[in-house]
Amino acid sequence: MMRRSPVRLLLLLFTITAFAVPAGGEVITVRKEVRQLLGSAMSQDDARIAAIAMAKRLALEEAGTYLETLSVVRNAELVQDEILALSSGVLKTEIVEEQPFMEGSAFGIRVVAMIRVDTTGLEERVKTLLADRVQMQRLKDSERRVKTLLARVKELEERMARMNAGASPEEKETLKTAFRENTHRLTAQQWYEKGTALWDSKKRRFDLPEKAIEYFGQAIRIDPGYPAAYNGRGIAYDDLKQHQRAIEDYDQAIQLDPDDATAYVNRGATNNNLKQYRRAIEDLDQAIQIDPDIASAYNNRGNAYKNLKQYRRAIEDLDVAIRLDPSLAGAYNNRGSVYGSLKQYQRSIEDLDMAIRLDPDLATAYGLRGIVYTLLRQDRRAIEDFGEAIRLDPDLAMAYVGRGFAHDALGEQEQAKRDWRRACELGEKQVCNR
Numbered sequence: 001m002m003r004r005s006p007v008r009l010l011l012l013l014f015t016i017t018a019f020a021v022p023a024g025g026e027v028i029t030v031r032k033e034v035r036q037l038l039g040s041a042m043s044q045d046d047a048r049i050a051a052i053a054m055a056k057r058l059a060l061e062e063a064g065t066y067l068e069t070l071s072v073v074r075n076a077e078l079v080q081d082e083i084l085a086l087s088s089g090v091l092k093t094e095i096v097e098e099q100p101f102m103e104g105s106a107f108g109i110r111v112v113a114m115i116r117v118d119t120t121g122l123e124e125r126v127k128t129l130l131a132d133r134v135q136m137q138r139l140k141d142s143e144r145r146v147k148t149l150l151a152r153v154k155e156l157e158e159r160m161a162r163m164n165a166g167a168s169p170e171e172k173e174t175l176k177t178a179f180r181e182n183t184h185r186l187t188a189q190q191w192y193e194k195g196t197a198l199w200d201s202k203k204r205r206f207d208l209p210e211k212a213i214e215y216f217g218q219a220i221r222i223d224p225g226y227p228a229a230y231n232g233r234g235i236a237y238d239d240l241k242q243h244q245r246a247i248e249d250y251d252q253a254i255q256l257d258p259d260d261a262t263a264y265v266n267r268g269a270t271n272n273n274l275k276q277y278r279r280a281i282e283d284l285d286q287a288i289q290i291d292p293d294i295a296s297a298y299n300n301r302g303n304a305y306k307n308l309k310q311y312r313r314a315i316e317d318l319d320v321a322i323r324l325d326p327s328l329a330g331a332y333n334n335r336g337s338v339y340g341s342l343k344q345y346q347r348s349i350e351d352l353d354m355a356i357r358l359d360p361d362l363a364t365a366y367g368l369r370g371i372v373y374t375l376l377r378q379d380r381r382a383i384e385d386f387g388e389a390i391r392l393d394p395d396l397a398m399a400y401v402g403r404g405f406a407h408d409a410l411g412e413q414e415q416a417k418r419d420w421r422r423a424c425e426l427g428e429k430q431v432c433n434r
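This note's numbering puts the first residue of the sequence shown at 1, with every later residue one more than the last.
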């Protein structure tokens, strides 16, 4: 192996790929090794963080070549950055080795990243993620940021290699600071990726919102100028119904990046939850102006119009949302609610059926369908739907209210009173004295 002078201080990359498929063909292992030399301006921590980011990216690129063989990926006709984003969303990358090494008189860090591709159910996981356009965009933006930060590492190393022994202390310190700032951004990116990995594309929410808040908070602590981390933490706060804290994070994301359509969508959705419908519409108008093809903006604006009883405008927006993203369960749920308000009960049931088919854990869809069945005097079917809604979300007050009325219609007063008592405890004051 050729010896490298520490004076030149070039990035040394040796990539070793293992692409092993056992006889059963169910697990594929990808390994990538990166060796990163240090330098006069590049600290051990700078080298370590850069090597980890590079090793992970190389492993994801290699694993992506396998994903490209899946029919669902071929049919989607994805470009390279989309395949990389897809890989990062459905596969877990681990750092399995991390050791110092010497190359001549130069010191470096050796890092090995590994991905185990479990092919069992992989096509279904890929299909689910592809249907979640918002998460796919998050992952694409994330991978684009990693690419930019790694390019910055290379640029700084080239500057370091050109720096001669007579460089002033100020020049050396400036380069050290540049390395350190880039390392902070890469470290924040790693925390952001941990938070994003907790997203459930089927349920369209975080599995562990408290953990997500912790991870995004670490990213923000390290890099306070990272808008996506505020967006991510805001969504996690929303999942916990901490809407005011979510608004604060979205405000910060918008301040950092006024052209971020996603932040306006998120703040608009939260304003809906806070019953600030006019504010919600203003935010969603802005999001649509920035990005006219963002389905969730039309869905949330349609929901705001629904809450203002502007049903025709609501349906127009929800139609657009469904056209842009036919897998968006929330849009069918909201349109089903609007049709119910318009007394178009069959259309309402069809939309709510579709919402449940797309997201079997969507409690509000069962609750809304239960209300429609109650209005159609199909009280037993209504009770079944309300029961499922309560099983999925034990604090869904409207399901207790509706089930109480269904029991009452069937002459089951004790069950009705029990449900209304629970609804009253959850804040539904109109049934407290029934």
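Glycine included, each C-beta is placed from N, C-alpha and C at the ideal position.
Only a predicted model underlies this, so the values are computations on that prediction, with no experimental measurement involved.
_Can you tell me whether P209 is buried or exposed? The criterion is at least 16 other CB atoms within 10 Å of its CB, across all chains shown._
Numbered from its first residue, the sequence shown carries residue 209 at position 209. Under this definition P209 is a buried residue.
*Put K32 into one of helix, strand or coil per three-state DSSP.*
What you label residue 32 is simply residue 32 of the sequence shown in a count that begins at 1. It is a strand residue.
*So is D325 buried or exposed if we call it buried at 16+ other beta carbons inside 10 Å?*
Counting from one through the sequence shown, the residue named residue 325 turns up at place 325. Label assigned to D325: buried.
_Exposed unless 16 or more other CB atoms sit within 10 angstroms - verdict on A23_ = Counted from its first residue, the sequence shown places residue 23 at position 23. At A23, the pLDDT of 41 sits below 50, so the modelled position is not reliable and the matter cannot be decided from this model.
*Cβ atoms of V372 and V401: under 8 Å apart, would you say?*
Your numbering for residue 401 matches position 401 in the sequence shown. Your numbering for residue 372 matches position 372 in the sequence shown. No; because the gap between Cβ atoms is not below 8 Å, this pair is not in contact.
*What are the start and end residues of the beta strand (DSSP E) that includes T270?*
Working through the sequence shown from its first residue, we reach residue 270 at position 270. Taken as a continuous stretch (DSSP letters only), T270 belongs to no beta strand (DSSP E), being part of the alpha helix (DSSP H) at 261-273.
*Are the CB atoms of V73 and V126 nearer to each other than 8 Å?*
In the sequence shown, counting from the first residue as 1, residue 73 sits at position 73. In the sequence shown, counting from the first residue as 1, residue 126 sits at position 126. In contact: V73 and V126 (Cβ atoms closer than 8 Å).
_Does the structure place the segment 193-211 close enough to the segment 353-366 that three or more beta carbon pairs sit under 8 Å?_
The segment 353-366, when compared against the segment 193-211, does touch it at the 8 Å Cβ threshold.
_Can you tell me whether R144 is buried or exposed? The criterion is at least 16 other CB atoms within 10 Å of its CB, across all chains shown._
As a first step, residue 144 is located in the sequence shown; it is residue number 144 there, counting from the start. Exposed.
*List the whole-angstrom C-beta distance separating V111 from E98, where the pair is believed to meet the contact cut-off of C-beta under 8 Å.*
Your numbering for residue 111 matches position 111 in the sequence shown. Your numbering for residue 98 matches position 98 in the sequence shown. Confirmed, Cβ separation roughly 5 Å.
*Out of curiosity, what's the CA-to-CA distance linking G367 and L352?*
Indexing the sequence shown from 1 puts residue 367 at position 367. Indexing the sequence shown from 1 puts residue 352 at position 352. Just so you know, the alpha carbons of G367 and L352 end up roughly 10 Å apart.
*Counting only runs of 4+ residues fully inside the segment 343-424, write out the alpha helix (DSSP H) ranges in chain order.*
345-358, 363-375, 379-392, 397-409
*asked:* Can you tell me whether I109 is helix, strand or coil according to DSSP?
replied: One-based indexing of the sequence shown puts residue 109 at position 109. Note: I109 maps to strand in three-state DSSP.
*Can you tell me whether P100 is buried or exposed, with buried defined as 16 or more other CB within 10 angstroms of its CB?*
Here residue 100 refers to the residue found at position 100 when the sequence shown is read from its first residue. Result: exposed.
*R377: buried (16+ other C-beta within 10 angstroms of its C-beta) or exposed?*
As a first step, residue 377 is located in the sequence shown; it is residue number 377 there, counting from the start. Answer is exposed; the Cβ neighbour count stays below 16.
*Residues that E94 bridges to, as DSSP identifies them*: Counting from one through the sequence shown, the residue named residue 94 turns up at place 94. Paired residue(s): M114.
*List the whole-angstrom C-beta distance separating A41 from M160, where the pair is believed to meet the contact cut-off of C-beta under 8 Å.*
Here the question's residue 41 lines up with position 41 in the sequence shown. Here the question's residue 160 lines up with position 160 in the sequence shown. 5 Å between Cβ atoms; contact.
*Span of the alpha helix (DSSP H) holding D257?*
Residue numbering aside, residue 257 sits at position 257 when the sequence shown is read from its first letter. That residue, D257, is in no alpha helix (DSSP H); it is neither H nor E in DSSP.
*asked:* As a quick exercise: from D283, L60, G39, pick the residue whose alpha carbon is nearest that of G108.
replied: Here residue 108 corresponds to residue number 108 of the sequence shown, with the count starting at 1. Checked all of D283, L60, G39; the closest Cα to G108 is G39.
*Can you check the segment 127-215 for any beta strand (DSSP E) of at least 3 residues that lies completely inside it and give the ranges in chain order?*
Within the segment 127-215, no complete beta strand (DSSP E) run reaches 3 residues.
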